[in-house]
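**Student:** Protein chains in written order, with the working numbering: chain D, 1 to 208; chain F, 1001 to 1208.
Quick reminder that beta carbons are idealized off the backbone N, C-alpha and C, glycines included.
One structure coming up, written as structure tokens, with questions to follow.
Number of protein chains: 2
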Amino acid sequence: MSTAEETAGGEIEPWEEVTPDAARRLLVAAVEAFAERGYHATTTRDIAGRAGMSPAALYIHYKTKEELLHRISRIGHDRALGILRTAAAGEGDATGRLADAVSSFVRWHAGRRTTARVVQYELDALGPDARAEILDLRRQVDAEVRGIIEDGVASGEFAVLDVHGTTLAVLSLCIDVARWFNVDGPRTPDEVGELYADLVLRMVGAAK
Amino acid sequence: MSTAEETAGGEIEPWEEVTPDAARRLLVAAVEAFAERGYHATTTRDIAGRAGMSPAALYIHYKTKEELLHRISRIGHDRALGILRTAAAGEGDATGRLADAVSSFVRWHAGRRTTARVVQYELDALGPDARAEILDLRRQVDAEVRGIIEDGVASGEFAVLDVHGTTLAVLSLCIDVARWFNVDGPRTPDEVGELYADLVLRMVGAAK
DNA sequence: AGGCACGCTAAGCGGCCGCTCACCTTCGGC
DNA sequence: GCCGAAGGTGAGCGGCCGCTTAGCGTGCCT
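This is the structure:
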């Protein structure tokens, strides 16, 4: 319903690494379907149909429906982690790097909301092995944000008593954007990113 | 697995309004199952089994599986809204009322995490009518928090530029507790409530 | 031109899904 | 002691699920 428009809107689909073309179309179709209805409520026939193929075509490129979710989740977490790492490795002080990290992380969750929704909310549908792999990536995400906050506390920029708890809250705030953000709503991803960066700086007691 | 222990732990199950007894046992079983696996991945056989009944017994008390989710969602939202209204109608200044509202709202999402998870994350599984009814309750939840923040801005206690955006962020932060809170984790619901009340007061620029 | 690997489809298998139905038990009122 | 209502069961229905298999078209390699 809206994918073609979104893609035509100027944003590049970040699935270039998925080949061949048919496998990518199936994966993009799966992201849409999972985001709209949830993993368990999505049928393989629905995914194949959205990709313009027969139900059996899915099994040429993926062993199971769960492998599709695993690939989506893995690529999405890699992308999210990359965004945070870029911001965390920046050259400014902790205040600037935290603002960068939050605004770009939020921008991704809002702008690529469809993907983010699947990545953040369908973890439980994965089997134990895939789940463990993704949980490890999440720990790295957490460590990245915690690192910036620890830097700010050490330099005296931030006033934070409970570093772990605050890290958790900051990430939670950002991730939940994928649940409520509405493309047709009044805010652009950029605006939400800016608002949230400001709110998070307040949370850590940074000077403005 | 854990319900009996939880109930024995001292907390009262807030399902007293559901009668007869068998209907309540089915509903409690459904809450557990929905929270663990999600609505679509839960079978009516599983729900009935957890309640110690045959699959057919479910349909004596509920017309469909969706009606179970509707009842759960309705009661849960009523409870959450009641908690907020109690805090909002308190006698203190906006700072105290916002801290009360956040800490009690968060305490509910952490302490009754199983219910909160179903209530907050399974909305899309409802049909259009039930969905609309629940969305109306959510608007009332939003209005309650926005009211306190507007009071604080008017009295000069808070420094908030974007009242609607900040309200959204505060609620989002509280609700997402239901996603990550772990009963076996290091924090009690009380501790998280206190931490979050502090973080939210910082977000609105309240004096400490 | 022949062969064959590859991508895909039509058809369908076994199984579990939500839900129904015919029947059974228990129990309070008279 | 009989009756009807209320609450429960075992068996099973139609249908959709994830996934498989046999076979077909197409185009590159020789």
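1) According to DSSP, is glycine 1090/F part of a helix, a strand, or is it coil?
2) Short check: CB of phenylalanine 1181/F to CB of arginine 1113/F, under 8 angstroms?
3) Return the CA-CA distance between leucine 68/D and serine 54/D, expressed in angstroms with no decimal places.
4) On the CB-based measure, 16 or more other CB atoms within 10 Å of its CB, does histidine 1164/F come out buried or exposed?
5) Quick one: measure Cβ to Cβ for tyrosine 1196/F and serine 1103/F, integer angstroms, because I've assumed they're closer than 8 angstroms.
6) Assuming alanine 110/D contacts alanine 87/D (C-beta within less than 8 angstroms), just tell me the rounded distance between them.
7) Just the C-alpha distance for arginine 50/D and alanine 1132/F, rounded to the nearest angstrom, thanks.
8) Between the region 10–41 of chain D and chain F, which residues of the former have CB atoms less than 9 angstroms from a CB of the latter, in chain order?
9) What residues from chain D crowd round tryptophan 1108/F, counting only those whose CB sits closer than 7 angstroms?
10) Taking the beta carbon of glutamate 17/D as the centre, do at least 16 other beta carbons fall within 10 Å, making it buried, or is it exposed?
11) Is glutamate 150/D helix, strand or coil by DSSP?
12) Could you check which residue in Leu1084/F, Ile1047/F, Ala1154/F, Ala1169/F has the C-alpha nearest to that of valine 1141/F?
13) Answer yes or no: does any C-beta atom of chain F fall closer than 8 angstroms to that of serine 172/D?
14) Give the secondary structure of leucine 26/D by DSSP, where H, G and I count as helix, E and B as strand, and everything else as coil.
15) Determine whether the Cβ of arginine 202/D lies closer than 8 angstroms to any Cβ atom of chain F.
16) Identify, in the order they occur along the chain, each residue of the same chain with its Cβ nearer than 7 angstroms to the Cβ of isoleucine 175/D, setting aside the five sequence neighbours on each side.
17) Give the straight-line distance between the Cα atoms of glutamate 5/D and glycine 185/D, rounded to the nearest whole angstrom.
18) Using the Cα positions of threonine 115/D and histidine 77/D, report the straight-line distance between them to the nearest angstrom.
19) Grouping DSSP H, G and I as helix and E and B as strand, with all else coil, what is proline 1186/F?
20) Near valine 1192/F, which residues of its chain fall below 8 angstroms by C-beta distance, leaving aside the five closest residues on each side in sequence?
21) Say whether chain F places a C-beta atom closer than 8 angstroms to the C-beta of arginine 139/D.
22) Less than 8 angstroms between the C-beta atoms of tyrosine 39/D and alanine 125/D, yes or no?
23) Leaving out the 5 sequence neighbours to the left and right, which residues in its chain are closer than 8 angstroms to alanine 90/D when beta-carbon positions are compared?
24) Who are the Cβ neighbours of arginine 71/D in its own chain at under 8 angstroms, not counting the five residues just before and after it?
25) What do you reckon, are the CB atoms on methionine 203/D and arginine 1187/F nearer than 8 angstroms?
26) If contact means a Cβ-Cβ distance below 9 angstroms, which residues of the region 58–82 of chain D contact chain F?
27) Can you find the residues in the same chain that come closer than 8 angstroms, C-beta to C-beta, to leucine 171/D, ignoring five residues on each side of it along the sequence?
28) I need the straight-line Cα distance from glutamate 36/D to arginine 1138/F, nearest angstrom please.
29) Go to threonine 1044/F, then tell me how far its alpha helix (DSSP H) extends in each direction, as first and last residue.
30) Below 8 angstroms CB to CB, which residues in the same chain sit around leucine 1168/F once its five sequence neighbours on both sides are set aside?
31) Report the CB separation of glycine 152/D from alanine 94/D in whole angstroms; it is logged as a contact under 8 angstroms.
32) Measure the alpha-carbon distance for threonine 3/D versus threonine 1064/F and round it to whole angstroms.
33) For a contact meaning CB atoms closer than 7 angstroms, what does leucine 195/D contact in chain F?
34) Using a C-beta cutoff of 8 angstroms, does leucine 1135/F count as contacting chain D?
35) Taking arginine 1113/F as part of the alpha helix (DSSP H), name the residues at either end of that continuous run.
**Tutor:** On the basis of the coordinates in this document:
1) Sequence index remark: in the second sequence, residue 1090/F carries index 90 (1-based). Glycine 1090/F sits in coil when the DSSP states are folded into three classes, being neither helix nor strand.
2) Here residue 1181/F refers to the residue found at position 181 of the second sequence. Here residue 1113/F refers to the residue found at position 113 of the second sequence. Yes, they are a contact pair.
3) Within the first sequence, the letter at position 68 stands for residue 68/D. Within the first sequence, the letter at position 54 stands for residue 54/D. The alpha-carbon atoms of leucine 68/D and serine 54/D are separated by roughly 16 angstroms.
4) Along the second sequence, read from residue 1 onward, the residue named residue 1164/F stands at position 164. Residue burial annotation: histidine 1164/F is exposed, with fewer than 16 other C-beta atoms found within 10 angstroms of its C-beta.
5) Position 196 of the second sequence, counting from 1, holds the residue named residue 1196/F. Position 103 of the second sequence, counting from 1, holds the residue named residue 1103/F. At roughly 7 angstroms, the Cβ-Cβ gap stays under 8 angstroms, so tyrosine 1196/F and serine 1103/F are in contact.
6) As a first step, residue 110/D is located in the first sequence; it is residue number 110 there, counting from the start. As a first step, residue 87/D is located in the first sequence; it is residue number 87 there, counting from the start. Rounded to the nearest angstrom, the Cβ distance from alanine 110/D to alanine 87/D is 16 angstroms, too far for a contact under 8 angstroms.
7) Walking along the first sequence from the start, residue 50/D turns up at place 50. Walking along the second sequence from the start, residue 1132/F turns up at place 132. Approximately 28 angstroms, taken between the alpha carbons.
8) If you check each beta-carbon in the region 10–41 of chain D against every beta-carbon of chain F, the ones closer than 9 angstroms belong to Glu36, Arg37, Gly38, Tyr39, His40, Ala41.
9) Looking up residue 1108/F in the second sequence gives position 108. The premise fails here: tryptophan 1108/F is roughly 16 angstroms from chain D at the closest Cβ pair, so nothing lies under 7 angstroms.
10) Taking the first sequence and counting its residues from 1, one reaches residue 17/D at position 17. By the 10 Å Cβ count, glutamate 17/D comes out exposed.
11) Here residue 150/D corresponds to residue number 150 of the first sequence, with the count starting at 1. In the three-state reduction of the DSSP assignment, glutamate 150/D falls in the helix class.
12) Here residue 1141/F is taken as the residue at index 141 of the second sequence, counted from 1. With distances taken between Cα atoms, valine 1141/F lies closest to Leu1084/F.
13) For the purposes of this step, residue 172/D is identified with residue 172 of the first sequence, where counting begins at 1. Chain F contact via Cβ: present.
14) Here residue 26/D corresponds to residue number 26 of the first sequence, with the count starting at 1. Under the three-state reduction of DSSP output, leucine 26/D falls in the helix class.
15) Taking the first sequence and counting its residues from 1, the one referred to as residue 202/D is at position 202. Taking Cβ atoms only, chain F reaches closer than 8 angstroms to arginine 202/D, which makes this a yes.
16) In the first sequence, the residue the question calls residue 175/D occupies position 175. Closer than 7 angstroms at Cβ, skipping near neighbours: His109, Gln120.
17) Position 5 of the first sequence holds residue 5/D. Position 185 of the first sequence holds residue 185/D. In this prediction, glutamate 5/D has a pLDDT of 42, which is less than 50 and means its spatial position is unreliable; nothing more can be read from the coordinates.
18) For the purposes of this step, residue 115/D is taken as residue 115 along the first sequence, with counting starting at 1. For the purposes of this step, residue 77/D is taken as residue 77 along the first sequence, with counting starting at 1. Taking the straight line from one Cα to the other gives about 10 angstroms.
19) Counted from its first residue, the second sequence places residue 1186/F at position 186. Judged by DSSP in its simplified three-state form, proline 1186/F adopts coil rather than helix or strand.
20) Residue mapping note: residue 1192/F aligns to position 192 of the second sequence, counting from 1. Cβ neighbours of valine 1192/F beyond the five flanking positions: Val1106, Arg1107, Ala1110, Val1177, Phe1181.
21) By 1-based counting over the first sequence, the position of residue 139/D is 139. No, its Cβ sits nowhere closer than 8 angstroms to a Cβ of chain F.
22) Counted from its first residue, the first sequence places residue 39/D at position 39. Counted from its first residue, the first sequence places residue 125/D at position 125. Cβ atoms of tyrosine 39/D and alanine 125/D: closer than 8 angstroms.
23) By 1-based counting over the first sequence, the position of residue 90/D is 90. One point to set straight first is that residue 90/D is glycine, not alanine, in the sequence displayed. If the five residues before and after glycine 90/D are omitted, its C-beta is found closer than 8 angstroms to the C-beta atoms of Gly96, Arg97, Asp100, all from its own chain and listed in chain order.
24) Sequence index remark: in the first sequence, residue 71/D carries index 71 (1-based). Cβ neighbours of arginine 71/D beyond the five flanking positions: Val18, Leu27, Tyr62.
25) Taking the first sequence and counting its residues from 1, the one referred to as residue 203/D is at position 203. Taking the second sequence and counting its residues from 1, the one referred to as residue 1187/F is at position 187. Cβ atoms of methionine 203/D and arginine 1187/F: not closer than 8 angstroms.
26) Within the region 58–82 of chain D, no residue places its CB atom closer than 9 angstroms to a CB of chain F.
27) Here the question's residue 171/D lines up with position 171 in the first sequence. Here the set comprises Val141, Asp142, Val145.
28) To locate residue 36/D, count along the first sequence from 1; it is residue 36. To locate residue 1138/F, count along the second sequence from 1; it is residue 138. Looking at the backbone, the Cα of glutamate 36/D and that of arginine 1138/F are separated by about 20 angstroms.
29) For the purposes of this step, residue 1044/F is taken as residue 44 along the second sequence, with counting starting at 1. In the DSSP assignment, threonine 1044/F falls within the alpha helix (DSSP H) that extends over 1044–1050.
30) Position 168 of the second sequence holds residue 1168/F. Scanning its chain for C-beta atoms nearer than 8 angstroms, with the 5 sequence neighbours on each side dropped, one finds around leucine 1168/F the residues Asp1142, in chain order.
31) Numbered from its first residue, the first sequence carries residue 152/D at position 152. Numbered from its first residue, the first sequence carries residue 94/D at position 94. Confirmed, about 3 angstroms.
32) Residue 3/D sits at position 3 when you count from the first residue of the first sequence. Residue 1064/F sits at position 64 when you count from the first residue of the second sequence. Caution applies to threonine 3/D, whose pLDDT of 41 falls short of 50 and renders its modelled position unreliable; the value that the coordinates give is listed next. Spanning the two alpha carbons is a distance of roughly 33 angstroms.
33) As a working note, residue 195/D is residue 195 in the first sequence. Near leucine 195/D (Cβ distances below 7 angstroms), the residues of chain F are Asp1162, Gly1165.
34) Here residue 1135/F corresponds to residue number 135 of the second sequence, with the count starting at 1. No, because no Cβ of chain D sits closer than 8 angstroms to the Cβ of leucine 1135/F.
35) In the second sequence, counting from the first residue as 1, residue 1113/F sits at position 113. Secondary structure note for arginine 1113/F: its alpha helix (DSSP H) is the uninterrupted segment 1113–1121.
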